[in-house]
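The numbering of the sequence shown is numbering that gives the first Met the number 0, which starts it at 0 and goes up by one. Even glycine gets a Cβ: it sits at the ideal position worked out from N, Cα and C.
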Amino acid sequence: MSNLPETGRDSRVTIRLVVIQILVFSLLLTLGGRLWYLQIRNGDQYTAEAADNHIQQVVAPATRGSILDARGIPLADNETRLVVSASRTDLMKMKDRGKAVLTRLAGVLGLPADEVAAKVRLCDAKTPKPCWAGSPYQPIPITDEATTQQALQIRERAEDFPGITAEPTAVRRYAGPGGSNTAQVLGYLSPVSDDEIIKAKAAGRPPLLRSDQVGRSGLERQYDAELRGKAGVTRYEVDNLGRVIGKAKSDKAVPGANVITSIDARVQAIAERELDQAMKDARKELDKNTGVNYKADAGAVVVMESRTGRVVAMASNPTYDPNAWVGGISAKDYQRLTGKDSDYPLLNRAIQGQAAPGSVFKVISATAAVNAGYSFTDNYNCSSSYSIGNQVFKNFESKGYGPINLGRALEVSCDTVFYDLAYRQWQKDGGNNPKHPKDWFYRTAHQFGLGKETGIDLPNEVKGRVPDREWKKRYWEANKDTWCKQGGNAEDYAAKIAKENCESGMRMRAGDSVNYSIGQGDTLVTPVQMATIYAAISNGGTLYNPTVGKAVASPDGRTVREIRPTAHGKLPFDTRTRNQLDAALAGVATQGSAAWRFEGWPQKEIPMHAKTGTAEVYGKQTTSWFATYTQDYTIVMTISQGGTGSGASGPAVRKIYNGLYGVDDKGKIDPKKALLPHPQEKLPTIEKDGTIEAQKIDPPAPKPKESDAARKEDKDE
């Protein structure tokens with residue numbers, strides 16, 4: 000007979016049933032817990048979110064604040080245009096993904112169909128620009144130049160253009176008053192991306208909406224939070240079919256604040272025009288070393304208040320029209336601004352262009368020599384060349400002036416005096432085997448503010464480079480493997496150099512130090528760094544953070560936040576050395592390398608100080624530098640591959656000063672023609688309703704006459 004129990008189950012079946020019962024009970028317990036969490040623990044939250052699903056938001060973008068010059072003239076403001084936009088969400092719901100609609104739209108607007116289609120593509124790693132970088136859920140502007148007839152045609156034939164709108168909209172306008180452009184200083188706008196919205200929320204910053212435009216460079220980016228304002232949001236209650244059944248809470252739009260700058264549009268126009276003309280004139284001149292014309296492919300100029308660091312004008316060339324970005328940039332314009340053959344006009348070369356400074360660096364070397372114990376007034380031999388071992392370092396154009404002091408060495412820009420001082424100090428520091436080097440020449444450059452940002456209120460400023468021992472070591476470690484490989488067969492010149500760098504590239508060699516003393520070698524500076532330094536010499540030694548923003552005024556005019564000048568250091572000299580440098584730089588303008596450019600200048604009424612520089616760059620033509628100051632202003636200009644300092648940049652700088660002080664070609668001062676004989680301290684008048692009273696701007700000055708660059712022989716260093 001069987002031993003099975005009466006139920007007919009053995010122990011294994013019973014265990015299985017128990018396990019199943021436990022699993023079922025566990026699942027029921029988990030489900031019950033989840034229901035409790037959703038309905039009781041977080042019930043209010045999910046109830047609110049469910050309600051939000053029945054609320055639609057209509058966003059009214061805030062009016063962006065204006066950017067004004069120092070007299071209240073708009074540099075960037077807004078104007079109403081007919082903007083044609085496309086809803087990508089609606090287009091993607093169509094069978095052909097909106098192709099037919101966009102083709103019809105292109106026909107109405109008179110634009111190429113492929114260009115219109117490109118406007119609504121979303122940007123990603125594989126999609127070529129132009130494309131839409133903003134949120135795919137907001138209207139994408141196709142053009143902001145629609146005519147009234149085109150807008151009416153689109154609106155009257157709405158059935159042919161689903162997802163397309165044509166509405167009057169406030170869009171950015173870059174005014175260019177008085178012929179100025181100010182492109183790289185102002186920057187441009189583009190749509191906010193979803194990633195930026197998420198990051199702003201995570202960082203606790205004011206929220207960004209998908210309809211927002213944000214600054215991408217220049218002042219538009221630096222003061223974006225102040226300029227943007229706060230968009231208005233109206234919330235509507237809708238039913239399941241999307242029909243409006245009521246109005247919920249609404250937030251009014253708050254206009255953005257206005258940014259008043261220290262830029263003077265009149266001076267800006269002159270600076271841009273003279274820089275451009277100087278580059279054109281340089282291209283007519285022959286490079287004496289190669290016999291071909293100078294390329295003069297890029298340049299920059301900075302006009303700064305000497306006693307505050309405020310920027311009166313800043314120009315970079317090549318330049319562009321910032322209005323090209325308004326309403327979405329075309330493929331042709333984008334290629335023109337960013338392509339390999341564009342010369343990269345989006346770069347602000349005043350703060351992002353790095354180059355060897357040449358002899359404008361010698362004010363630093365002279366200060367370093369004095370701090371190292373060498374007398375400013377002692378005589379040093381200005382020979383035509385200087386030899387260290389088998390190396391011969393020549394003076395510019397092999398000129399020699401015999402025994403001269405440091406002041407005269409600056410006036411005539413004698414290289415060999417600085418070679419000798421740097422070599423002596425290199426020997427004192429231990430030569431190739433230093434133990435505790437003082438490194439006066441390198442330390443002084445850092446004290447002058449080189450190798451770091453000036454702190455200007457513009458984004459993406461570069462640091463430049465001081466090639467001190469620490470940099471040499473890092474650079475050698477990064478490149479030694481390549482050098483050692485290239486120098487394995489040291490038969491040609493390049494291989495010999497590579498072998499030498501492989502074996503001793505980490506050392507501060509004598510040749511490095513003497514080249515460095517005249518602003519050559521691996522030293523890199525920016526025009527705004529040199530302007531800050533020469534302004535500090537002018538004002539007695541204070542290094543100010545350059546500033547473009549002067550004040551931020553609320554849209555109602557009730558709150559005005561002034562941006563005060565801020566110092567970040569002092570130059571490392573005493574009053575005596577400063578005065579000796581000041582006298583020497585005045586001598587450069589009256590009897591030195593820049594004297595021929597300041598013939599007839601009213602030196603007694605407006606003392607002029609200058610320093611010329613011609614920097615040699617391996618594989619390129621020489622870079623022109625011209626650094627100057629008066630008690631009011633500092634002007635620094637540089638032209639890449641433009642030739643000598645006074646030869647290429649000198650005439651343009653002189654004409655900017657002529658405009659500032661009202662000086663004619665014969666040196667006579669006419670106060671009525673002076674644009675800005677003294678820095679403008681006061682802000683423009685702000686009315687009770689927030690409007691800013693703009694002073695009348697003079698028409699642009701007439702075009703300059705043919706430059707005298709071709710008629711005068713270069714007498715620069």
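Item: Which ranges does the beta strand (DSSP E) cover as unbroken runs of at least 3 residues, wholly within the region 161-199, from first to last along the chain?; Value: 163-173 and 188-190
Item: Run the CB neighbour count on R596, radius 10 Å, all protein chains shown included, and call it buried at 16 or more, exposed below.; Value: buried
Item: Are there three or more Cβ pairs, one per stretch, closer than 8 Å when the region 256-268 is compared with the region 296-311?; Value: yes
Item: Under the assumption that W600 contacts G556 (Cβ atoms under 8 Å), give the Cβ distance between them as a whole number of angstroms.; Value: Wrong, their Cβ atoms sit about 43 Å apart, outside the cutoff.
Item: Extract the residue ranges of the alpha helix (DSSP H) inside the region 69-96, only unbroken runs of 4 or more that lie entirely within it.; Value: 87-91
Item: Please name the residue, chosen from A371, C501 and G388, that lies closest to R442 on a Cα-to-Cα basis.; Value: A371
Item: With burial defined as no fewer than 16 other Cβ atoms inside 10 Å of the residue's Cβ, what is the status of P140: buried or exposed?; Value: buried
Item: Look up A552 in the DSSP assignment and give the residues it is bridged to.; Value: N257 and V559
Item: Between the alpha carbons of S384 and Y628, how many angstroms are there, rounded?; Value: 31 Å
Item: Drop a sphere of 10 angstroms on the beta-carbon of R204, count the other beta-carbons inside from all chains shown, and report buried for 16 or more, exposed for fewer.; Value: exposed
Item: Going by DSSP, what residue range makes up the beta strand (DSSP E) through V311?; Value: V310 to N316
Item: On a Cα-Cα basis, can you pick out the residue from P676, G338, Q276 and T522 that is closest to S648?; Value: Q276
Item: Less than 7 Å between the CB of T453 and some heavy atom of the ligand PLP, yes or no?; Value: The ligand PLP is not part of this structure, which contains no ligands at all.
Item: Could you spell out where the beta strand (DSSP E) holding V475 opens and where it closes?; Value: Note on identity: in this sequence residue 475 is Trp, with Val being the wrong assignment. It is not in any beta strand (DSSP E) - W475 instead sits in the alpha helix (DSSP H) that spans R468 to Q485.
Item: Which residue marks the beginning of the alpha helix (DSSP H) containing P650, and which one marks its end?; Value: G649 to Y660
Item: What distance in whole Å lies between the Cβ atoms of R209 and I196, which are believed to be in contact at a cut-off of 8 Å?; Value: 7 Å
Item: Between the Cα of F360 and the Cα atoms of S412, L345, R348 and D377, which residue gives the shortest distance?; Value: S412
Item: Give the DSSP-derived three-state secondary structure of Y422 in the structure shown.; Value: helix
Item: Given that a residue counts as buried once 16 or more other Cβ atoms are within 10 Å of its Cβ, and exposed if not, what is R710?; Value: Any reading at R710 must be qualified, since the residue scores a pLDDT of 36, below 50, and its modelled position is unreliable; the value itself is stated next. The residue in question, R710, is exposed, as its Cβ has fewer than 16 Cβ neighbours within 10 Å.
Item: On the CB-based measure, 16 or more other CB atoms within 10 Å of its CB, does Q212 come out buried or exposed?; Value: buried
Item: Going by the CB atoms, is the gap between K654 and E273 shorter than 8 Å?; Value: yes
Item: Whole angstroms are fine: how far does the CA of P564 sit from the CA of N544?; Value: 7 Å
Item: Just to confirm the assignment, what range does the alpha helix (DSSP H) spanning E598 have?; Value: No alpha helix (DSSP H) contains E598, which DSSP labels as neither H nor E.
Item: Would you call the CB atoms of T522 and D456 closer than 8 Å?; Value: no
Item: Taking the straight line between their C-alpha atoms, what separation do you get for N394 and T621?; Value: 15 Å
Item: Touch check for the region 423-434 and the region 505-522: three-plus C-beta pairs under 8 Å?; Value: yes
Item: Enumerate, from N- to C-terminal direction, the unbroken beta strand (DSSP E) stretches of 3 or more residues contained entirely within the region 616-641.; Value: 622-628 and 632-639
Item: To the nearest angstrom, report how far apart A594 and A588 are at their CA atoms.; Value: 5 Å
Item: Excluding the 5 residues preceding and the 5 following M278 in the sequence, name in chain order all residues of the same chain whose CB lies nearer than 7 Å to its CB.; Value: A295, G298, N316, I638 and G641
Item: Could you work out which residue in P127, I350, I403 and R468 is closest to D635 when comparing CA atoms only?; Value: It is worth fixing the name first, because residue 635 is Val in this sequence and not Asp. Here the closest residue by C-alpha is I350.
Item: Taking Cβ to Cβ, would you say I66 is nearer than 8 Å to L185?; Value: yes
Item: Rounded to the nearest angstrom, what separates K98 and L659 at their Cα positions?; Value: 56 Å
Item: For V18 and V12, I'd like the C-alpha separation in whole angstroms.; Value: 10 Å
Item: Inspect the beta-carbon positions of G77 and R63 and report whether they are closer than 8 Å.; Value: Checking the displayed sequence, the identity of residue 77 turns out to be Asn instead of Gly. Yes, these two residues count as a Cβ contact at 8 Å.
Item: Can you confirm whether the region 119-138 touches the region 316-333 when touching is taken to mean that 3 or more C-beta pairs between the two stretches lie within less than 8 Å?; Value: yes
Item: For I685, collect the residues of the same chain with a Cβ closer than 8 Å to its Cβ; drop the 5 residues on either side in sequence, then sort them by chain order.; Value: A552, G556, V559, I691 and E692
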